[in-house]
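In the UniProt record's numbering, the protein residues as written are 1 to 286.
Notes follow once the structure below has been shown.
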Amino acid sequence: MISSEQTWKFGQDERFVRSWHHPDAPPSSHSREIVLGVVHGLGDHSGRFDALGRWFAGRGIRVYAFDQVGHGKSPGRRMLIPCYEALLDDVDIFLNRLTERHPDASVGLLGQSMGGNFVLNHQLRGYSKMAWMIAGSPMLRAVNQPGPICLFLLRLFAKIRPDYVLNSSVDPARLSRDPAMQRAFMEDPLVQQRISLRLGKALIDSGRWALDHAEQLTTPTLITHGDADLITCHRASVEFAQRTRGRAVTKIWAQGTHDLHHDIIRDDYLSSVFDWIVAEVTNQDS
């Protein structure tokens with residue numbers, strides 16, 4: 001197993017990138033090289049996808065993950081963003097870097113939570129085309145979505161003080177049912193549990209926009225969710241897929257929590273994602 005840490009240029013800025021590759025991985029059923037890029041969620045970072053990266057690398061899929069601006073080991077004011085579009089621009093740069101490095105590979109992205117929102121909006125808004133994508137527990141609609149009055153106030157104050165930061169503490173039991181994973185989350189010094197008004201507003205608005213434009217999706221998509229997710233709404237994932245006219249499919253895990261790759265059903269989750277990717281690449285190459 002080869003695991004590396006690098007710094008890549010993203011326009012005028014830099015982003016911290018991790019990668020996983022197993023040169024001696026056993027032969028797989030996929031017909032050509034597959035590259036999976038990971039886009040993490042709010043307050044998260046690429047290091048929390050180490051087990052996922054190693055799992056896929058051990059099965060012949062090369063994995064990359066980058067720390068978004070203001071997250072993990074990437075530069076930027078912690079949890080503050082210039083605008084939503086700048087985040088999608090970073091996703092686009094990341095995708096293009098992977099395609100440039102592996103021109104003959106089938107390249108797709110896996111976005112988790114906020115990252116799921118990003119990859120879906122990235123494809124719906126006309127950025128660079130990817131071969132396929134996975135949206136894990138995507139932030140299309142929160143389980144506890146603000147009501148009309150709260151939304152009005154959020155939009156008002158986001159205009160007045162867009163960089164005002166709120167506490168967004170998450171009970172680790174909402175992320176995983178595995179006590180070891182819960183402890184790892186709480187003890188991780190790179191995890192941040194805050195959100196700016198600008199980003200909060202952007203996630204709500206972009207989630208609604210994605211749902212309203214889901215029928216425009218052309219990229220083969222797998223949406224994964226747990227029906228016990230208390231952070232992002234699994235029903236919104238089902239609703240999105242139903243509006244895509246078959247371009248997106250959903251797989252819902254009974255009692256699954258928000259971070260399925262850290263939950264007690266993670267082996268089944270990872271196997272399901274792997275099987276879907278291989279089947280999709282094989283279908284596209286046939």
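Every residue, glycine too, gets a C-beta built ideally from N, C-alpha and C.
As the structure is a computational prediction, the values presented were derived from the model and not from experiment.
Item, Value
"Using CA coordinates, which residue listed in 140, 34, 206 is at the minimum distance from residue 285?", "34"
"Is residue 117 closer than 8 Å to residue 207 when the C-beta atoms are compared?", "yes"
"How close, in whole Å, do the beta carbons of residue 165 and residue 196 come, if the pair is a contact with beta carbons under 8 Å?", "5 Å"
"Check whether the Cβ atoms of residue 89 and residue 16 sit closer than 8 Å, and answer yes or no.", "no"
"Rounding to the nearest angstrom, what Cα-Cα distance links residue 56 and residue 274 in this structure?", "8 Å"
"Would you report the Cα separation of residue 146 and residue 112, rounded to the nearest angstrom?", "22 Å"
"Return the Cβ separation of residue 107 and residue 98 in integer angstroms, given the expectation that the two are a contact with Cβ distance under 8 Å.", "5 Å"
"Decide if residue 2 is buried, meaning its Cβ has at least 16 other Cβ atoms within 10 Å, or exposed.", "exposed"
"Leaving out five residues on either side along the sequence, give the residues of the same chain with a beta carbon under 6 Å from the beta carbon of residue 223.", "135, 237, 241, 248, 250"
"Using the C-alpha atoms, what's the distance from residue 80 back to residue 163?", "6 Å"
"Could you compute how far the alpha carbon of residue 40 sits from the alpha carbon of residue 149?", "30 Å"
"Please tell me whether residue 25 and residue 60 are closer than 8 Å, where the distance is taken between their beta carbons.", "yes"
"Looking only at DSSP bridge pairs, what is residue 136 linked to?", "112, 224"
"So for residue 129, helix, strand or coil by DSSP?", "coil"
"With DSSP run on the structure shown, which of helix, strand or coil describes residue 190?", "coil"
"Apart from the five residues just before and just after residue 102, which ones in its own chain have a Cβ nearer than 8 Å to its Cβ?", "33, 35, 62"
"With H, G and I counted as helix, E and B as strand and the rest as coil, what does DSSP make of residue 92?", "helix"
"Might you give, ordered along the chain, the residues of its own chain that have their beta carbon closer than 7 Å to the beta carbon of residue 176, omitting 5 neighbours on each side?", "182, 257, 259, 262, 263"
"Sorry if obvious, but does the Cβ on residue 89 come closer than 7 Å to a heavy atom of the ligand FMN?", "Summarising the ligand content, the structure contains no ligands, and the ligand FMN is consequently not present."
"Less than 8 Å between the CB atoms is what I'm expecting for residue 95 and residue 109, so what's the real figure, rounded?", "6 Å"
"Between which two residues does the beta strand (DSSP E) harbouring residue 167 extend?", "165 to 167"
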